[in-house]
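Quick mapping for you: the protein sequence lines, in order, are chains W and F. First residue of the first sequence? That's 1 in our numbering, and the numbers climb one at a time after it. First residue of the second sequence? That's 491 in our numbering, and the numbers climb one at a time after it. Quick reminder that beta carbons are idealized off the backbone N, C-alpha and C, glycines included. A short worksheet on the structure shown next.
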Amino acid sequence: MSEYRTVVGLEVHVQLLTISKLFCGCSVTFGQPPNSAVCPVCLGMPGVLPVMNQKAFELALRAALALNCQIAPYTKWDRKNYYYPDLPKNFQISQYDLPFSFEGYLDIPASLDQPSKRVGLFRAHLEEDAGKSMHDESGQGGSTKVDLNRAGTPLLEIVSKPEIHSAEDARAYLEELRLLLKEAGISDCEMQEGSLRCDANVNIHIPQADGSFIATPIVEVKNLNSFRAVERSIRYEAMRQMEQYQKDGKKMGEVSKCTAGWDDARGVTIVQRRKEEASDYRYFPEPDLAPIRITAEMLERAKASLGELPHQARARLQADFGLGIYDADLLVRMGRAITAYFEKVVSAGADAKSACNWVANQVLTTLNESKSTIDQYPLTPGILAGLVVEVQKSGLNMQRAREVYGAMLADGVDAKTAIQKLGFVAVADEAALAEMIRKAMAANPKAVSDFKAGKIKAADSLKGAVMKETKGMAKADLLQKILLDELNKV
Amino acid sequence: MSSPLAERPVRELKGLLDSGAITSETLVIDCLVHISQRNPAIHAFLRVNPEAALAQAKAIDLKRKTGQAIGLLSGIPIALKDNICTKGLTTTCSSKILEHFIPPYNATVVEKIISADGIPIGKTNLDEFAMGSSTENSAFGSTRNPWDLDRIPGGSSGGSAAAVAGSLVPLALGSDTGGSIRQPASFCGINGLKPSYGRVSRYGLVAFSSSLDQIGPFSNDLFGTALLLQAIAGHDSKDTTSINQSVPTYLEELDQPIPSLRIGIAKEFFATGLDSEVEKAIQDALMVFKSLGAKVVDVSLPHSPHAIATYYLVATAEASSNLARFDGMHYGHRSKEKSSLIDTYCNSRGEGFGPEVKRRIMLGTYALSSGYIDAYYAKALGVRRLILNDFNNAFETCDVIIGPTAPTAAFKWGEKSSDPLAMYLSDIYTIGCNLAGIAGISIPCGFTTKGLPIGLQLQSASLTESKLLRAARMFENITPWHTKRSPTFS
Ligand SMILES: [Zn+2]
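Written out as structure tokens, the structure is:
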């Protein structure tokens, strides 16, 4: 099979973090009893009128700035007309030809093995969500039920250009988008609760001998319930399109665009319907809502509310703390609050790399186990910095250091007190350590000969023997140095 | 049989109530009695709400007796067009599709009336969804003109106009999308005001054409017109198209004549098809204004010949979308036929809507369809701006434009109901006002030789209702037309 290039554009809908719906005062809390968070406006009753939720517009503006979009000075609402039982007015209030933001981009962050990649965005616009239809799936022809709690929930639709070229990049794009939107307080992006939804437009470009390429027909993949599903479905769909092309040779434009559903259990896409002609939504300006002029003041307020964005935080952590790409990314992904905690640990005297390790490992584990957040975490940055410093000074190995950490949490004491209480005193007497090493070498000549034969790992069993004799208290870096010295003497 | 209290001018009735000469209960009972006597012949009311009206009247009388402050409307009963939502009281829009619809909310105007101690006494007939000019397009029977029961009262607010003209009730509310208050006021020999777009909240008015609809008062004198406008005008946070500007004191200003009033005459309002008796009455009215010292200036409204075409594109396009919600899914008529989703939509709407509503939905759907929207809807919006510019230019040189409200007096029942185009032409002089969003009023200015009332239309710039009412009052003050009552029941 020849090589091809995957081409993906993603359409992402995120629910904005408002208290109430886009055009009425109903609550948007997830999981309320069906049809309890509704009112005449979101039920589309006769004579009611929409009133725009200012907070939703502010959040949308904030998102557009975070996504480097151009902001329209003047924007309006449009009606998208179509009939469906979960759309009570039989039109959706959306934005058609004058979205409030357009032409932005999102950078997929660099990793250890690849540089940062820029994905262009066509537009981001606001619209109201529909309700939820629950069809009878028993096959008995039972009635479909409609829950309108979700109807009227504010959604931001973010449409990328087809500039994503692998399943992995699609996932990385979504992860970065989610991080950005969560960090800026725009959306909680919970795919399980439907506050982030994603459709993927997929096709492939097959290079030809003359340097040109052939594009296959675009398939819109829907029903993607996780980032993993996005990744798997794109990989599968690209492969399927290559096989299809080899079978029928059909190119883009020769068959109409079609929609496919992703069957996660079977790991396949299932083509659902061909769109024989574009649906006619009869868009026209919503006469019940005044157009919006976006003022300089609104923009200033939105800019001020952005805070530090993930790519800015990564760059700063690398520049100011000397962290590598990997560590900086690790911290940023844990969120602004934990990053801020890390910074305080460093200001309290801990070395940045060690502080990062402690925060990313022990602190995070503690938070996960207790299901709590960093503001509920019992150790102050100063106390944790004390532990980092003590461990380095005393040369306690990681296992002992973790016991000290455990004692600090359990007893609410600082590192010094915990070490004292545990009676941990590192063995740092060079002569004594050398004697123990020689004894271990004598007891295990095979390890010595293996090491000499180039099996570096063989030294571990000798180190282990000394650790056992010192009950793990041998100062690790010193032990390593003397062991190598002794082995070299043989 | 005593003559109805509602025959008296509203100015006099309010005086009687405020002085305690009559009670609100007396007035409500008197109205209920005359409704029961006269409504079978006129069919102005679709339903009355005697228990609630009497209870409210008694409560207001008690307040008055105990010296508490009484609201502006002094306990006067008011009829409401049946496209204005009333909490707990069936609101049908004269359509089978809403035959049993009981709104769970009051329109803002209803709330305002109640809080000003006005008494909603019942709901009046209209052309289905306000689409028509004769009140013949009602699913619940047509309304007759109190001046001649063989003639139509005009429409679409024919029920409200006939209720006031027949002295069933002193005041009523209608809605005006293309003349639906002014034309029936003209045909019924009473006052009918269409306020500027945005002056009165549309919340709870079942939308026909959102960018054109306005609610306004009917009264047998201008005092009543100003009184009811005073009670219902103002910004409403539930309607963001309502204008956030303070409401003038219409009642206080009403009796102040406008010094050096400039009357605009547009030749476009004296076009072919204008009945000679109507034209004569308008010329006479002009002489009256001249005798009052008004200066007459010629103005030009060059785009008004396109008003009807523009109107029938804008209004039907919006209606096709506004009426999409009546689908039998969540409320209203649902077809009993067991069938697929699409068939349920088709059958419910097919059974629920009358022919004129279907005609307009089809026209509007077509005007918005892809491939046609630019030629029709978009073009109509462009012409609409030109029509507004015409009016703005005209109001640079005059205070009010006067002319006939309708080209003829009331026509016979069934005369135009089979010829939609002839029917549409009866709104030729009233439509521009809605397209431009300005204020307009029809006041009685004479009778034909057959004894049918003739209406004089006055129009003024947006938000200048006070000027409009004062100019109209200058005419009313020295003419007898508003004191005439239909001889049908005497
Ligand atoms: Zn709601």
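For PRO33 (chain W) and CYS26 (chain W), I'd like the C-alpha separation in whole angstroms. For this step, residue 33 (chain W) is matched to residue 33 along the first sequence. For this step, residue 26 (chain W) is matched to residue 26 along the first sequence. The straight-line gap from Cα to Cα measures roughly 13 Å.
At a threshold of 6 Å, does CYS42 (chain W) count as lining ligand 1 (C-beta to nearest heavy atom)? Within the first sequence, numbered from 1, the residue matching residue 42 (chain W) stands at position 42. Within the cutoff, so yes.
Which class does PRO540 (chain F) belong to by DSSP, given the choice of helix, strand or coil? Residue mapping note: residue 540 (chain F) aligns to position 50 of the second sequence, counting from 1. Reduced to three states, the DSSP call for PRO540 (chain F) is helix.
Three-way DSSP call (helix, strand, coil) for MET1 (chain W) in this model: Here residue 1 (chain W) corresponds to residue number 1 of the first sequence, with the count starting at 1. Any reading at MET1 (chain W) must be qualified, since the residue scores a pLDDT of 45, below 50, and its modelled position is unreliable; no value is offered.
Short of 6 Å in beta carbon distance, which residues of its chain neighbour THR580 (chain F), apart from the five on each side in sequence? Order them along the chain. Here residue 580 (chain F) refers to the residue found at position 90 when the second sequence is read from its first residue. If we look at THR580 (chain F) and ignore the five residues flanking it on each side, its Cβ neighbours are ILE592.
Alpha carbon of MET1 (chain W) to alpha carbon of LYS21 (chain W), nearest angstrom: Numbered from 1 along the first sequence, position 1 holds the residue referred to as residue 1 (chain W). Numbered from 1 along the first sequence, position 21 holds the residue referred to as residue 21 (chain W). Because MET1 (chain W) carries a pLDDT of 45, less than 50, the predicted location of this residue cannot be relied on, and no value is offered for it.
Considering only their Cβ atoms, is the gap separating LEU16 (chain W) from PRO109 (chain W) smaller than 7 Å? Within the first sequence, the letter at position 109 stands for residue 109 (chain W). Within the first sequence, the letter at position 16 stands for residue 16 (chain W). Cβ atoms of PRO109 (chain W) and LEU16 (chain W): not closer than 7 Å.
Across the segment 765-774 of chain F and the segment 918-931 of chain F, are there enough close Cβ pairs to call them in contact, namely three or more that are closer than 8 Å? no
Under 9 Å between beta-carbons, which chain W residues line up against ASP729 (chain F)? List them in chain order, please. Translated into positions along the second sequence, residue 729 (chain F) becomes position 239. Neighbours of ASP729 (chain F) on chain W, chain order: LEU49, VAL51 and ASP288.
Interface residues of the segment 87-106 of chain W facing chain F [CB-CB below 8 Å]: PRO88, LYS89, ASN90 and PHE91
Label VAL600 (chain F) either buried or exposed according to how many other C-beta atoms from any shown protein chain fall within 10 Å of its C-beta, with 16 as the threshold for buried. Start at 1 with the first residue of the second sequence, and residue 600 (chain F) comes out as number 110. Classification for VAL600 (chain F): buried.
Give a single yes or no on whether CYS26 (chain W) has its beta carbon closer than 6 Å to a heavy atom of ligand 1. Here residue 26 (chain W) is taken as the residue at index 26 of the first sequence, counted from 1. Checking the Cβ of CYS26 (chain W) against ligand 1 gives yes.
Assigned secondary structure, GLY9 (chain W) (DSSP; H/G/I helix, E/B strand, else coil): Stepping through the first sequence from its first residue, residue 9 (chain W) is reached at position 9. In this structure, GLY9 (chain W) counts as strand in the three-state DSSP scheme.
Have a look at LEU61 (chain W) and ALA302 (chain W) and give me their C-alpha separation to the nearest angstrom. Working through the first sequence from its first residue, we reach residue 61 (chain W) at position 61. Working through the first sequence from its first residue, we reach residue 302 (chain W) at position 302. Each residue's Cα considered, the two are about 6 Å apart.
Whole-angstrom distance between HIS796 (chain F) and GLU758 (chain F), CA atom to CA atom: By one-based count along the second sequence, residue 758 (chain F) stands at place 268. By one-based count along the second sequence, residue 796 (chain F) stands at place 306. GLU758 (chain F) and HIS796 (chain F): Cα-Cα distance of roughly 11 Å.
Candidates W:THR380, W:ASN225, W:ALA360 and W:VAL332, of which the one nearest LYS344 (chain W) by Cα: Numbered from its first residue, the first sequence carries residue 344 (chain W) at position 344. Looking at the Cα atoms, W:THR380 is the closest of the given residues.
Exposed or buried, what is SER701 (chain F) when buried is set at 16 or more other beta-carbons lying within 10 Å of its beta-carbon? Here residue 701 (chain F) refers to the residue found at position 211 when the second sequence is read from its first residue. The residue in question, SER701 (chain F), is buried, as its Cβ has 16 or more Cβ neighbours within 10 Å.
CYS39 (chain W) CB to nearest heavy atom of ligand 1 below 6 Å: Position 39 of the first sequence, counted from the first residue, corresponds to residue 39 (chain W). Answer for CYS39 (chain W): yes, Cβ within range of ligand 1.
To be precise: take each residue of the segment 725-753 of chain F, compare its Cβ to all Cβ atoms of chain W, and keep it if any distance is under 8 Å. Which residues remain? SER727, LYS728, ASP729, THR730 and THR731
What residue range does the alpha helix (DSSP H) around GLU168 (chain W) cover? Counting from one through the first sequence, the residue named residue 168 (chain W) turns up at place 168. Unbroken alpha helix (DSSP H) run through GLU168 (chain W): 167-183.
Cβ separation of LEU663 (chain F) and PRO707 (chain F), assumed to be a contact under 8 Å, to the nearest whole Å: What you label residue 663 (chain F) is simply residue 173 of the second sequence in a count that begins at 1. What you label residue 707 (chain F) is simply residue 217 of the second sequence in a count that begins at 1. Correct: roughly 6 Å between the Cβ atoms.
Using a Cβ-Cβ distance under 7 Å, would PRO499 (chain F) count as near chain W? Locating residue 499 (chain F) in the second sequence gives position 9, counting from the first residue. PRO499 (chain F) does not count as touching chain W.
First and last residue of the beta strand (DSSP E) that includes ARG118 (chain W)? Residue mapping note: residue 118 (chain W) aligns to position 118 of the first sequence, counting from 1. Looking at the DSSP string, the run of the beta strand (DSSP E) that includes ARG118 (chain W) is 117-128.
Is the CB of ASN368 (chain W) under 7 Å away from at least one CB in chain F? Along the first sequence, one-based indexing puts residue 368 (chain W) at 368. Not closer than 7 Å to any Cβ of chain F, the Cβ of ASN368 (chain W) fails to qualify, so no.
When the Cα atoms are used, what is the spatial distance from GLN720 (chain F) to GLY714 (chain F)? Position 230 of the second sequence, counted from the start, is the residue given in the question as residue 720 (chain F). Position 224 of the second sequence, counted from the start, is the residue given in the question as residue 714 (chain F). Cα to Cα, GLN720 (chain F) sits roughly 10 Å from GLY714 (chain F).
Using DSSP bridges, identify the partner residues of ILE755 (chain F). Within the second sequence, the letter at position 265 stands for residue 755 (chain F). BP columns for ILE755 (chain F) point to F:ASP788 and F:ILE892.
Which bits of chain W does TYR595 (chain F) rub up against, with CB to CB less than 7 Å? Residue mapping note: residue 595 (chain F) aligns to position 105 of the second sequence, counting from 1. By Cβ distance, chain W contributes PRO40.
According to DSSP, is ASP271 (chain W) helix, strand or coil? Here residue 271 (chain W) corresponds to residue number 271 of the first sequence, with the count starting at 1. In the sequence as presented, Asp is not what sits at residue 271 (chain W); that position holds Val. The answer is strand: DSSP assigns VAL271 (chain W) an E or B state.
Excluding the 5 residues preceding and the 5 following LYS55 (chain W) in the sequence, name in chain order all residues of the same chain whose CB lies nearer than 6 Å to its CB. In the first sequence, the residue the question calls residue 55 (chain W) occupies position 55. Hits under 6 Å: THR18.
Go through its chain and collect everything with a Cβ distance to VAL38 (chain W)'s Cβ below 8 Å, but skip five positions before and after it. Here residue 38 (chain W) refers to the residue found at position 38 of the first sequence. Answer for VAL38 (chain W): CYS26, LEU148, ASN149 and ALA151, listed in chain order.
Which one of F:VAL659, F:ASN710 and F:GLU589 has the shortest CA to CA distance from GLU841 (chain F)? To locate residue 841 (chain F), count along the second sequence from 1; it is residue 351. Ranking the options by Cα distance to GLU841 (chain F), first place goes to F:GLU589.
I need the straight-line Cα distance from ALA352 (chain W) to VAL7 (chain W), nearest angstrom please. Position 352 of the first sequence, counting from 1, holds the residue named residue 352 (chain W). Position 7 of the first sequence, counting from 1, holds the residue named residue 7 (chain W). Taking the straight line from one Cα to the other gives about 40 Å.
Please confirm if the segment 564-578 of chain F is in contact with the segment 614-623 of chain F, defined as three or more CB-CB distances below 8 Å between the two stretches. yes
Inter-stretch contact at 8 Å, needing at least 3 Cβ pairs: the segment 42-54 of chain W / the segment 235-242 of chain W: no
Please list the residues of the segment 851-869 of chain F that have a C-beta atom closer than 8 Å to any C-beta atom in chain W, keeping them in chain order. THR855, LEU858, SER859, SER860, ILE863 and TYR867
Start and end residues, beta strand (DSSP E) containing ASN201 (chain W): The sequence position of residue 201 (chain W) within the first sequence is 201, counting from 1. Element bounds for ASN201 (chain W): 196-207.
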